[in-house]
Amino acid sequence: MTGYLIRRVAQAIVVVFGVVLLTFLLGHIIPGGAARAALGQRATPAALAQFNHDNGYDLPIWHQFWNYTWGIFSHFNLGYSYKNNQTVSSLIGNRLLKTLVLVGLSTLLALVLSVPLGVLQVIRRNKPIDYVLTGGAFVGYSMPAFLLGQLLILYFAVDLHWFSFEAPQAGSVIGILSDPRALVLPIFTLAAITIASFSRYMRSSMMETLTEDYIRTARAKGAGPWRVLFLHALRNALIPIITLLGLTLPTIVGGAIITETVFNYPGMGLLTTNAATQNDVPLLLGTTFVAAVATVAGSLIADLLYAVVDPRVRYA
Amino acid sequence: MSVSPTPAVEPAAPEGPDAAPAGGEAQAVGGGLTVQLLRVFVENRLAVLGVAIIALAILFCWVGPLLYHTNQTDTQKALLNSVQNAAPDGAHPLGTDASGFDTLGRIMYGGQISLEVGFAAAGIATLVGVLVGAVSGFFGGFVDGFLMRIVDVLLSVPLLYLLIVLAVIFHPSVEILTLVIGFTAWLVPARLVRGETLSLRVRDFVQAVRVMGGGGGRIVLRHIIPNTIGTIIVNATFQVADAILLLAALGFIGLGVPSPQTDWGSMLSNGVNYAFDGYWWEIYPTGVAIVLVVVAFNFVGDALRDAFEVRLQRR
């Protein structure tokens, strides 16, 4: 298992360096360059040259890349947002933590709901409830998240007054967590697509596990159907879901952009939407970098979890 | 990365007496196997439903405007000649939107762009993915390591973030959005095709081509890629659905196709602004259209996967 761990961590480090290179390159393909983007269309050539000199954009490209990488890893320098007149890292501030709260809670909800739903579909397979849940999964997967969010607001916040129509606006993470009534709809909106795909995978993972030899052995020993289902099959059927979790993480983190925008949730996704509206490329590159690194870390954790759960990896 | 809603597992195919002879050459796909494939596909009622919905949507979007003439491009005329946000009546069966455009006609017009971008972006993603995957898997070594690290890096960046950055840098237009979605969505097909190539390249028929003097390019293009066609088609079907949804998401963030052009996603995100005013005709018809079409592509993709799996099992 040590070998697996070392390889997996090394791979994550390589990917993080790749992400640094990617955001660096994206910053250099802006038509007209960063100076034009910061100073505007009417800046004089002298001003552009001065800007490029001040920011080190006249250095050789490899030297710029070195400065960029060093800046990120030595003092978390992600660049400067000229539109907001603030450094990108100060703009992101504790918004990453808030987004992680949203992403974490929705992923948890997705797991808690989709595993029983998948198992239920296996128990009642090819019965009406199976078809209804399958249909629901297809619709959940195919509906634009902003439409789902808006409809939930319309029915559950405006018509029924069950939940708030806006996400918690507190400055601190504790403040956000202390307003559960406002958290319900954003969490469910972000979780919907994950619930849809996870429950489908859970269903077929379970079906596949039930055809294994060890299930037949368990039945032959005289284990009852429930014991076989929950003690023998479920534990093994859960393993692929953990792999899936790591693979789905980028989609969930990306989906948070839409959910945060719909519910005005003060996380990194909303910051990204605002940056897009303002054409603030340095800020966009900053949030992209942070989101990618968070995703890499999340996938790494999922894979390490996988190693702990699956003895075939643990003892390899 | 996108994960299709339904994983392939279930039906173990019965051992047919008409099992095709072994040997993976592309020619073997023709004749009896195509019929078999079609049979498995048609037996799946959801797949037939999916194809029907897609065909209807295409008819609706392209033939519809020939029968139902509306102005969808002249903003001034729309503002002057009709009431904004008008409820459905005789003149406008589905009312008008905030700019005075007829909603029914706009669903046809927006649908053209949604479907065009969906198909074109899926085409680009598939083409790039297949080439990268086949080259990577076939040549292995340094080429493989290099290409797959690129895939690793791009897969770890949440797709929507990357799309937003590119759309902002290059300013959205239908062509730019198609290219941006196409060139960011090729990662999954690349991985899938690479995986298949790894197992195909050691097969006997590839050795035979080598012995006969076929070079690497010929083997990849004429022998490896045709044998991954099942995987490619299945993934391309899901790609169309995903591209339509990604375009919709970009439209919601304000990076959709520029007005007066529109797509279903931009229409919806304009429509939901009026959700509290009760202008249902600006939300539900478009919402139903997008969900139906995306569901249809997912149905077809699932059925194709089952059909190709059965083919593989019988081989």
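Protein sequences, first through last, are from chains A and B.
The numbering used here applies: residue 857 is where the first sequence begins, and numbers increase by one.
The numbering used here applies: residue 24 is where the second sequence begins, and numbers increase by one.
The beta-carbon is built from N, C-alpha and C at its ideal position, and this holds for glycine as well.
How far does the alpha helix (DSSP H) with residue i in it extend, from its first residue to its last?
i                  : result
Ser930 of chain A  : Ile917 to His931
Gln262 of chain B  : Ile252 to Ile276
Phe880 of chain A  : Thr858 to His884
Phe299 of chain B  : From DSSP, Phe299 of chain B is part of no alpha helix (DSSP H); its letter is neither H nor E.
Gly1031 of chain A : Val1029 to Leu1033
Thr1107 of chain A : Leu1090 to Phe1119
Ala902 of chain A  : Pro901 to Asp910
Pro1036 of chain A : Pro1036 to Thr1065
Gln230 of chain B  : Asp227 to Val234
Arg1075 of chain A : Asp1069 to Lys1077
Ile192 of chain B  : Leu182 to Phe193
Leu1161 of chain A : Val1137 to Val1165
Thr4 of chain B    : The question about residue 4 of chain B has no answer here: the residues shown for chain B are numbered 24 through 338.
Mind checking if residue i is an interface residue toward chain A, Cβ cutoff 8 Å exclusive?
i                 : result
Met24 of chain B  : Bear in mind that a pLDDT of 39 at Met24 of chain B, under 50, signals an unreliable position, so the number given afterwards is only what the model happens to contain. Taking Cβ atoms only, chain A reaches closer than 8 Å to Met24 of chain B, which makes this a yes.
Ala264 of chain B : yes
Ile192 of chain B : yes
Pro181 of chain B : yes
Arg172 of chain B : yes
Ala259 of chain B : no
Val188 of chain B : yes
Tyr184 of chain B : yes
Asp329 of chain B : no
Leu210 of chain B : no
Ile321 of chain B : What sits at residue 321 of chain B in the sequence shown is Asn, not Ile. Taking Cβ atoms only, chain A reaches closer than 8 Å to Asn321 of chain B, which makes this a yes.
Ala36 of chain B  : Residue placement at Ala36 of chain B cannot be trusted, given a pLDDT of 39 that sits under 50; the coordinates are not used to answer.
Gly134 of chain B : no
Counting C-beta neighbours from all protein chains within 10 Å, is the total for residue i 16 or more, i.e. buried, or is it exposed?
i                 : result
Asn982 of chain A : exposed
Met131 of chain B : buried
Asn104 of chain B : exposed
Leu958 of chain A : buried
Gly46 of chain B  : Here Gly46 of chain B scores only 41 on pLDDT, less than 50, and its place in the model should not be relied on; the value that follows carries that caveat. The residue is exposed, with fewer than 16 neighbouring Cβ atoms inside 10 Å.
Met857 of chain A : exposed
Val872 of chain A : buried
Glu198 of chain B : exposed
Gln50 of chain B  : Confidence in Gln50 of chain B is poor, its pLDDT being 43 and thus under 50, which makes the residue's placement unreliable; the coordinate value appears in the next sentence. So Gln50 of chain B ends up on the exposed side.
Leu117 of chain B : buried
Phe124 of chain B : buried
Thr260 of chain B : buried
Arg214 of chain B : buried
His246 of chain B : buried
Gln262 of chain B : buried
Met235 of chain B : exposed
Ser946 of chain A : exposed
Trp85 of chain B  : exposed
If the cut is a Cβ gap below 8 Å, which residues of chain A does residue i touch?
i                 : result
Asp175 of chain B : Gln867, Val870, Val871 and Gly874
Ser222 of chain B : Those within 8 Å of Ser222 of chain B in chain A number zero; the least Cβ separation is about 20 Å.
Gly236 of chain B : Per Cβ cutoff of 8 Å: no residues; Gly236 of chain B is ~39 Å from chain A at best.
Gly3 of chain B   : Here chain B comprises residues numbered 24 to 338, so residue 3 of chain B is not present and cannot be evaluated.
Examine chain D for any beta-carbon lying closer than 8 Å to the beta-carbon of residue i, and answer yes or no.
i                  : result
Phe1002 of chain A : Judged by its chain identifiers, the structure shown contains no chain D, and its protein chains are A and B.
Nearest chain B C-beta to residue i closer than 8 Å, yes or no?
i                  : result
Gly974 of chain A  : no
Thr1128 of chain A : yes
Asn908 of chain A  : no
Leu882 of chain A  : yes
Thr1151 of chain A : yes
Leu1046 of chain A : no
Tyr997 of chain A  : yes
Val988 of chain A  : no
Pro916 of chain A  : no
Ala1093 of chain A : no
Thr1117 of chain A : yes
Val1137 of chain A : yes
Report the neighbours of residue i on chain B: residues whose CB is nearer than 7 Å to its CB, in chain order.
i                  : result
Gln1006 of chain A : Val295 and Ala298
Ile886 of chain A  : Ile192
Residues of chain B with CB under 8 Å from residue i, in chain order?
i                  : result
Gly1110 of chain A : Pro181, Leu182, Leu183 and Tyr184
For residue i, which residues in chain A fall below 9 Å Cβ to Cβ?
i                 : result
Ile313 of chain B : Ser998, Met999, Pro1000 and Leu1003
Ala272 of chain B : Pro1000, Ala1001, Phe1002, Gly1110, Gly1111, Ile1113 and Ile1114
Phe124 of chain B : Result: empty, since nearest Cβ-Cβ is about 20 Å, beyond 9 Å.
If the cut is a Cβ gap below 7 Å, which residues of chain A does residue i touch?
i                 : result
Val318 of chain B : Phe994, Val995 and Ser998
Leu291 of chain B : Pro1000 and Leu1003
Does the beta carbon of residue i fall short of 7 Å from some heavy atom of the ligand MN?
i                 : result
Gly133 of chain B : Here there are no bound small molecules, and the ligand MN is not part of this structure.
Ignoring anything shorter than 4 residues or poking outside the stretch 80-166 of chain B, list the alpha helix (DSSP H) runs there in chain order. 87-90, 98-104 and 126-162
4-residue-minimum alpha helix (DSSP H) runs that sit fully inside the stretch 977-1017 of chain A, ordered along the chain: 984-998 and 1001-1008
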